[in-house]
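See structure below.
Numbering (this note's numbering), first residue to last: 4 to 586.
Next comes the structure, spelled out in structure tokens:
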């Protein structure tokens, strides 16, 4: 595949600059390695380019990794992949961890594309060189690569490779043990394919060994291994050990490990199921919600959305909600923010009645918190109305802005019965708000109403109240109509577009304010495709209206835009021509 040179720099210069003293030029050359290789051809690339790719600058090496990621095409395909191994092996020995990590990932990807049995000896030698290298950091990449070929090599070589990993787990350097711990999950995930139950004891032994490590970063990645246990048949074979590991990690002296365990709560629950969660993990999670460490409280609060479905309703009401009430008053704003973004999910578990009774008070308290980005909550309209009315009139526009999402959330979870005339009137106030950001957010709420409740409901209950603003003195309100049409045209019935929306656009096209007329052109450009679409959902009774609709599309809209191309205002003319070209 020929790669076009779009750099503006001759190929010879790009090649020369690979070795220049200017780091920026070296990075640019390495970034365009595919261009150079394409010009050289596969054979010369393998012989004259790849062997000389080395550097001592981390930024250049990182770019080199990125360039080598999909480089097999330029060396002659999969049959020549091994020509890249020397440079990738060298990169796996670099001091910079991100370079080693990237290089080992690329190397593993290329190994998986090979016939491992055919190249077993050379691959084993590669792992051996990395493991025995005087650069101790390369042991990490070695342990990362082993699972990718372990199952396809001989039993003798399997024993050799696993011995390398076991020794790495006991290495005197904590940085090496950390990498071994980081890769432990991959060895656990291998077990279901090994068909060797004797490995269970060894895996459990490794787990126990890391649990005793005095470096918390070596213990940290045991959480990933625990998830791997939960998601494999190791859980059934060694449940007592799994529960022991879970308890020890949950009570670790390092808050980082408990934080990471809580962060992985959703994956753990998926692996162990609801029953085991209730028996062993629920109490751990509830304890984390009240931990003295605010970071742990924060991540626990953020994971309410993935844990609540595993609670019984009674447990939520008796145990979880009391904790949520405390967190809603937490001294740390980021804890309250985490709570605000997740706790509303319990409403789908406990039902509307319990939500109205237990969740609404928490919701209203958080809603008034300027430091929290609070979403809506499922409750009854008469319960939320006083708060919405107060918020809609709040002097702080950010509070008005943050409260708008309540409308869409309630409409989705409760339905149209929530949206009585008073609630809709509050929405109208937001649409006419003097702050553009508030108006913009209100239009998104209207779009969500169309999505959740359907276009017919929206056209009957909301649109008439908005479209009357085409005659108000404030031109910003007239522009708001156009912005709204742009957002919701795809959700409206096409008969309604033709019969109701088009006359409004026609009227605003004659508006005395140029900015309004300009936005009419922009609206037509964005919504023209919805006027063009074939109609499959209109009832047979309005076929005549649909015929008129097509005539509007083909004749009137184009003619209107052509007339607007002669407008006295330059911006109107420009946008009208742009819209006309898009038809």
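Cβ atoms here follow ideal geometry from the backbone N, Cα and C, with glycine treated the same way. Note that the structure is a prediction, hence the values are computed from the model and not measured.
Is residue 148 buried or exposed, if buried means 16 or more other CB atoms sit within 10 Å of its CB? buried
Below 6 Å CB to CB, which residues in the same chain sit around residue 32 once its five sequence neighbours on both sides are set aside? 17, 20 and 21
In terms of alpha-carbon separation, which member of 466, 528 and 490 lies closest to residue 499? 466
If you measure from the CB of residue 255, is any heavy atom of the ligand GTP nearer than 8 Å? Ligands displayed in this structure: none; no statement on the ligand GTP is therefore possible.
What number of angstroms, rounded off, separates the C-alpha of residue 673 from the C-alpha of residue 8? This structure cannot speak to residue 673, because the chain is shown only from 4 to 586.
Report the residue from 108, 69, 114 and 93 whose alpha carbon sits nearest the alpha carbon of residue 83. 114
Does the separation of the CB atoms of residue 39 and residue 14 fall below 9 Å? yes
Using 8 Å for Cβ pairs, my map puts residue 307 next to residue 260. What's the rounded Cβ distance? Contact doesn't hold; Cβ gap of about 21 Å is too wide.
Spatial distance of residue 341 from residue 494 (CA atoms): 33 Å
Return the chain-ordered list of same chain residues with a C-beta closer than 8 Å to the C-beta of residue 427, the five sequence neighbours on each side being excluded. 464, 465 and 468
Let's see if you can read the secondary structure: which residues bound the alpha helix (DSSP H) around residue 463? 458-464
Can you name, in chain order, every residue of its own chain whose Cβ lies under 7 Å from the Cβ of residue 491, other than the five neighbours on each side? 449, 450 and 453
For residue 545, which residues from the same chain have a beta carbon less than 7 Å from its beta carbon, with the 5 sequence-adjacent residues on both sides left out? Residue placement at residue 545 is flagged as unreliable, the pLDDT there being 34, under the threshold of 50; a coordinate-derived value is accordingly withheld.
Where does residue 277 fall in DSSP's three states? helix
Distance between residue 145 and residue 139 (C-alpha atoms, nearest Å): 10 Å
Check whether the stretch 87-107 and the stretch 62-72 are in contact - that is, three or more C-beta pairs closer than 8 Å. yes
Alpha helix (DSSP H) segment containing residue 309, residue limits: 307-310
Beta-carbon within less than 7 Å of residue 179's beta-carbon, same chain only, minus the 5 sequence neighbours each way: which residues are those? 139, 142, 143 and 171
Separation of residue 314 from residue 335, as counted between CA atoms: 26 Å
C-alpha gap between residue 311 and residue 244, whole angstroms: 26 Å
How close, in whole Å, do the beta carbons of residue 570 and residue 576 come, if the pair is a contact with beta carbons under 8 Å? 5 Å
If you compare alpha carbons, which of 358, 455, 49 and 97 is closest to residue 62? 97
In angstroms with no decimal places, state the Cα-to-Cα distance between residue 57 and residue 102. 13 Å
In or out: residue 436 buried (at least 16 other Cβ within 10 Å) or exposed? buried
Are the beta-carbon atoms of residue 256 and residue 219 separated by less than 9 Å? yes
Identify whether residue 512 lies in helix, strand or coil by the three-state DSSP scheme. coil
Check residue 129 in the structure and name its three-state DSSP category. helix
Of all the alpha helix (DSSP H) runs that stay within the bounds of the stretch 290-347, which reach a length of 4 or more residues? 297-305, 307-310, 324-330 and 336-343
What span of residues does the alpha helix (DSSP H) with residue 209 cover, start to end? 201-214
Neighbourhood of residue 209 by C-beta, 7 Å cutoff - its chain only, sequence neighbours within 5 removed: 172 and 187
In chain order, what residues of the same chain have a beta carbon less than 6 Å from the beta carbon of residue 45, not counting five sequence neighbours either side? 78 and 79
So what's residue 79 in DSSP terms, helix, strand or just coil? coil
Under the three-state DSSP convention, the category residue 235 falls into: coil
Does the beta-carbon of residue 331 have 16 or more other beta-carbons within 10 angstroms, so that it is buried, or is it exposed? buried
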